[in-house]
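Each remark here refers to the structure printed beneath this line.
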Amino acid sequence: MPIGVVHSPYKSKGDAPFQGRFSKETMELEIYPEYAAGLKDIEEATHLIVLYWFDRARRDTLQTKTPHDSEVHGVFACRSPSRPNPIAFCAAELLSREGNRLMVRGMEALDGSPLIDIKPYSAQIDSIPGARIGWFDKSKSRGGRKMTKMIVCGRGGSGKSTVVTLLAKALGELGKVLVVDTDESNLGLCKMLGQEPPEMSLMGSLGGKSVVREKLLASLQQQNGEKVTFFKDDLSLEALPPACVSWNGPVGNLRIGKIEHNMEGCACPMGSITRSLLKELQVSENQWVIADTEAGVEHFGRGILEGADAVLMVVDPSYESVLLAEKAKGLTEEAHKKFFVILNKVDESTEPTLRQELSRRGIEIDFTLGYSQDISRANLVGDALDVNIQRENMNKLVDKIIKPGS
């Protein structure tokens with residue numbers, strides 16, 4: 007039975023940090039009047055143990071992957087919000103009390119979360135020096151599971167290239183970013199990035215689609231079943247053919263290939279090159295790779311997710327987008343990769359319905375990009391996109407990418 011409710015600045019999962027312990031945001035704990043007498047002398051405590059209910063979390067999850075590494079763990083061995091009884095625990099700093107309302111800091115609760123209980127935190131009783139979580143310590147020693155290679159998916163017109171461009175520019179302020187254009191029919195990505203197209207595609211540098219196709223067929227006919235590779239060992243951003251990458255400061259754009267002639271065949275060679283590139287490309291500290299994919303889920307069937315760390319699914323207000331997100335989530339989980347959902351082009355009239363449709367399918371939303379006239383206008387005339395249009399949202403997304411365990 008709830009004793010109160012949490013009033014929080016975090017309205018959705020995408021707004022909240024992974025660990026409120028490191029957040030500077032304040033929130034209010036409203037204690038219902040019938041329980042207010044239980045607050046006597048609480049202001050003499052500096053910190054509180056706050057128990058509340060993750061009322062928007064899934065309850066059918068028993069194993070999950072955490073932001074800290076790539077392994078699957080039981081929910082009772084980690085602190086995932088999705089669990090049979092989603093009870094949340096926070097050690098929050100008590101800032102002030104006004105009647106039946108407490109102002110606290112250090113929580114990640116969503117607005118409206120039911121409050122279960124409050125207890126004073128004791129450093130002598132509740133702190134156990136040397137306590138460890140074995141798998142977490144091992145993950146930290148490996149440097150965690152950072153998202154260095156990502157693929158961005160969605161239906162045609164959902165705004166995949168917009169998300170790719172804004173994210174690339176935001177990450178480019180922190181390091182080096184390679185944008186991989188895997189879509190044969192996308193002609194405007196370079197303009198969005200503010201760049202000229204590369205001199206040639208990666209497909210062209212390998213001899214063209216016919217040469218690549220022949221190499222694939224020869225590989226299939228080999229008795230030993232060796233997988234075909236298109237690149238030399240120690241492939242890095244710096245070792246990519248210069249003619250295939252157009253750089254604008256720290257952000258580079260590489261085209262896998264484009265349709266150049268009538269009747270030149272299917273996109274299978276494109277998928278093979280993309281898969282090989284993502285698997286074999288070695289990414290150093292403060293370097294990222296973002297692949298802009300074609301519409302739909304065909305790229306999953308071609309195996310390009312094999313070399314990626316995460317899928318960013320862009321969902322716009324359309325039933326097709328919802329169905330694609332459901333399919334992509336299942337395929338991503340099958341590959342044991344991270345899956346993030348970004349709502350795009352939503353407004354006050356479409357966002358609630360879209361959230362409801364996704365929630366019905368067990369799909370959690372991580373970020374929301376509202377409809378922007380500035381972005382629509384820039385895309386209409388081919389102007390470069392300014393990351394400051396969505397600066398706050400991009401900063402949150404970048405924070406999850408570079409600090410997966412935060």
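To get the numbering used here, take the position in the sequence shown, counting from 1, and add 6. Each residue gets a CB set at the ideal place from its N, CA and C atoms; glycine is no exception. Note that the structure is predicted; figures quoted are calculated from it, not measured.
Within 10 angstroms of the Cβ of residue i, are there 16 or more other Cβ atoms? Answer buried if so, exposed if not.
i    : result
S382 : exposed
G255 : exposed
E232 : Its pLDDT being 46, under 50, E232 is placed unreliably in this model, and the value from its coordinates should be taken loosely. Exposed.
E33  : Note that residue 33 is Met in the sequence shown, not Glu. It counts as buried.
E40  : exposed
K343 : buried
P248 : exposed
V321 : buried
Would you please state the rounded distance, in angstroms, between the beta carbons of residue i and residue j? I believe it to be under 8 Å.
i    : j    : result
L116 : S14  : 6 Å
L57  : I122 : 4 Å
T299 : I157 : 6 Å
R308 : R281 : 6 Å
L287 : L241 : 5 Å
P87  : A97  : Contact flag wrong, Cβ pair sits at about 17 Å.
F346 : E339 : Not quite, the Cβ-Cβ distance comes to about 13 Å (not below 8 Å), so this is no contact.
K310 : S18  : It should be noted that the sequence gives Ile, not Lys, for residue 310. Between S18 and I310 the Cβ distance is about 29 Å, and since that is not below 8 Å, they are no contact.
L330 : G160 : 7 Å
T70  : V78  : 7 Å
R110 : L54  : A small correction: the amino acid at residue 110 is Val; Arg does not occupy that position in the sequence shown. Contact holds; Cβ gap of about 7 Å.
A51  : L101 : Contact doesn't hold; Cβ gap of about 12 Å is too wide.
M198 : T171 : 4 Å
For residue i, which three-state DSSP category applies?
i    : result
E104 : strand
P135 : coil
P120 : strand
P126 : strand
S140 : Before going on, a small fix: residue 140 reads as Gly here, not Ser. In this structure, G140 counts as helix in the three-state DSSP scheme.
K166 : helix
R151 : Low local confidence applies: a pLDDT of 47 at R151 is under 50, so the model's placement there is unreliable, with the coordinate-based value given in what follows. It is coil, neither helix nor strand.
Y38  : coil
A63  : coil
F236 : coil
R261 : strand
I369 : coil
S282 : helix
E354 : coil
K182 : strand
K175 : helix
R161 : coil
L241 : coil
A301 : coil
What are the start and end residues of the alpha helix (DSSP H) that includes residue i?
i    : result
T338 : 325–340
C196 : 195–199
R366 : 357–366
N401 : 397–408
G10  : Where G10 is concerned, there is no enclosing alpha helix (DSSP H), although the beta strand (DSSP E) it sits in stretches over 10–13.
E50  : Note, E50: premise wrong, no alpha helix (DSSP H); not H, not E.
E304 : 304–307
State the start and end residues of the unbroken beta strand (DSSP E) segment that holds residue i.
i    : result
V78  : 78–80
R383 : Element bounds for R383: not the beta strand (DSSP E) but the alpha helix (DSSP H), 379–387.
G376 : 373–376
N254 : 251–254
L208 : That residue, L208, is in no beta strand (DSSP E); its alpha helix (DSSP H) goes 208–211.
Q293 : 293–298
For this session: Would you be able to state if there are at least three C-beta pairs under 8 Å between the region 309–317 and the region 176–183?
Result: no
Exercise. Would you say the region 159–166 touches the region 321–328, given that touching needs at least three Cβ pairs under 8 Å?
Worked result: yes
For this session: Count the C-beta pairs between the region 125–135 and the region 339–356 that are closer than 8 Å, then say yes if the count reaches three, no if not.
Result: no
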